[in-house]
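Counting from 1, one number per residue, gives the positions in the sequence shown under UniProt numbering.
All C-beta atoms, glycine included, are put in the ideal place defined by N, C-alpha and C.
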Amino acid sequence: LIEAFKNHGKEVILMEAMPRVMANYFDKEITDEAEKRIKEAGIEMHLGETVKKFEGDDRVKKVITDKGSYDVDMVVMSVGFRPNSELYKDYLETLPNGAIKVDTTMKTTKDPNVFAIGDCATVYSRASGKEEYIALA
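In structure tokens form, the structure reads like this:
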């Protein structure tokens, strides 16, 4: 998304509370490469910086963080999420975060007649040979 905005001529600032981009999903070797490419694209990054509040009347005009403030025209925000497991928590096998465990054909591990895909389900990683949870939203 940040690349798309940049490609359309927008000035983009990426704020991340963690010390690395995508730190919950990838090792440092991968995130270092991602950060390098983000910088090469001309995108301003602020890592380890937490958004505290937004200011503006009928629209956001300023973002206030624990380290500074930034004038903005628009904010796109993602604060993470967890699968909502209420519907299936007592029926399907899940990870502690609620993601549904599936096999390599996306069948749920507890009931082969139920399939799960997307950000509510695990995926089989050929790299690690294990199921992993990699949310893309």
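Segment limits, beta strand (DSSP E) that includes residue 44: 44-47
Tell me the start and end of each unbroken beta strand (DSSP E) in the UniProt domain "FAD/NAD(P)-binding" (3-126) that is at least 3 residues and wholly inside, in chain order. Runs found: 13-16, 44-47, 51-55, 62-65, 69-71, 123-125.
So which of 96, 97, 122 has the shortest CA-CA distance to residue 108? 122
Could you tell me which of 47, 26, 93 sits nearest to residue 19, measuring between CA atoms? 47
Below 8 Å, can you find three or more Cβ-Cβ pairs linking the region 45-62 to the region 6-25? yes
Residue nearest to residue 130 in terms of C-alpha spacing, selected from 42, 101, 120: 101
If we ignore side chains and look at the alpha-carbon of each, how far apart do residue 85 and residue 99 end up? 7 Å
Which residues in the same chain as residue 39 place their Cβ atom closer than 8 Å to its Cβ, once the five residues preceding and following it in sequence are excluded? Short of 8 Å from the beta carbon of residue 39, and not among the five residues preceding or following it, lie these beta carbons of its own chain, in chain order: 45.
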